[in-house]
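If you're matching positions, the sequence shown starts at 1 in the UniProt record's numbering and goes up one per residue.
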Amino acid sequence: MTEYLTIDGGTLAYEVTGDSGPLLVLAHGIGDSREAYRFAAPALAAAGYRVAAVDLRGCGESSVGWASYTRTDIADDLIALVNHLGGPAVLVGHSFSGGAATIAAAKAPSLITAVVELAPFTRKQQISLGDLRVTRYRRGTFRLLGTGLFGSVRLWKKYLDIAYPGPKPADWNARLDRIEAMMREPGRMKALQMMGRSAPVDADAQLGNVRCPVLVVEGTLDPDWASPQAEGEAIVAALPSGLGRLEMIPGAGHYPHVQFPSQVVTMVQSFLGSVRA
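Quick look at the structure:
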């Protein structure tokens, strides 16, 4: 059941699964909605967590027309939601929201107990001409740039096809139709474009200020980096010593929690178990 939280600037839509247990807040990436966690959220709830999946500002059922869409904005939204739901909480952030979760953890250390970053954009990015020799990276980058430049739903769908290499979820075609319908709603593509233009320098600047454990999960075939493992290792290295851990999922693209939900859930459970220990 969709619930709503009104904050300064608009309204956030979210859905809670599970009645008790530690709070997990799940945040998706750009051009998506909380349905990105349609497989992982029920499994995490069944494992004993109270799971809140949120639509980012401008996405899903959340309102449009926000003044800005930076990772810091999203971090403040996540902190507001955790406060509303009665934290503390573990934040799980995918892609754009991985950086937002990092900022939230640094800004509210008493409220955020751990962070899971799935294929996160958490560091300042640079495009290398040498990296463009990697076919999946070149194809993914050009489609992402085209989506942002032209506001093209067609190019966004082409990017998603690359971002899910190999196995696709059983509901792939229906999900693509829902994403296309959402992106054609007024204001949704503009939100994607504004998020895409927001460089993760704000998240990069906060990596050294994080005080809670962090799990970074990368897919080996993620088209957003020439070397997803090198990106994950760099994030862990930028965190205070001993706080970060990197897990790689062979064959996964930019959406490991959708392609391999059971594997991601197992990783999250193991990570949180070690945090409690």
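Don't be surprised by glycine CBs; every beta carbon is placed ideally from N, CA and C.
Note that the structure is predicted; figures quoted are calculated from it, not measured.
Unbroken beta strand (DSSP E) run spanning His94, endpoints: The continuous beta strand (DSSP E) containing His94 extends over residues Ala89 to His94.
With 16 as the cutoff for other CB atoms within 10 Å, does Ala106 come out buried or exposed? Burial is judged here by how many other beta carbons sit within 10 angstroms of a residue's own beta carbon; Ala106 has at least 16 and is buried.
Among Val92, Ala203 and Tyr49, which has the Cα closest to the Cα of Leu118? Of Val92, Ala203 and Tyr49, the residue nearest in Cα terms is Val92.
For Gly21, the nearest candidate out of Ala40, Ala36, Ala47 and Arg57 (CA to CA): Nearest C-alpha to Gly21: Ala47.
Alpha helix (DSSP H) containing Gly140: first to last residue? Membership of Gly140 in the alpha helix (DSSP H) is indicated by the continuous run Thr135 to Phe150.
Beta-carbon separation of Leu81 and Val115 under 9 Å? Contact flag unset, no.
When the Cβ atoms of the segment 177 to 187 are set against those of the segment 221 to 231, are three or more pairs found closer than 8 Å? No contact exists between the segment 177 to 187 and the segment 221 to 231.
Could you tell me the distance, in whole angstroms, from the CA atom of Val275 to the CA atom of Val214? Taking the straight line joining both Cα atoms gives about 10 Å.
I'd like the list of long-range same chain contacts for Ala163, defined as Cβ closer than 7 Å, with 5 residues on each side in sequence excluded. A distance below 7 Å between beta-carbons, with the five flanking residues on each side excluded, links Ala163 to the following residues of its chain, in chain order: Gly140, Pro223, Gly253, His254 and Tyr255.
contact_flag[the segment 264 to 271, the segment 33 to 48] where n(CB pairs < 8 Å) is 3 or more: Yes, they touch.
According to DSSP, which residues form a beta bridge with Glu117? Per DSSP, Gly93 and Val216.
According to DSSP, simplified to helix, strand and coil, what is Ile103? Ile103 sits in a helix when the DSSP states are folded into three classes.
Which residues bound the alpha helix (DSSP H) around Glu233? That run of the alpha helix (DSSP H) goes Pro228 to Ala238.
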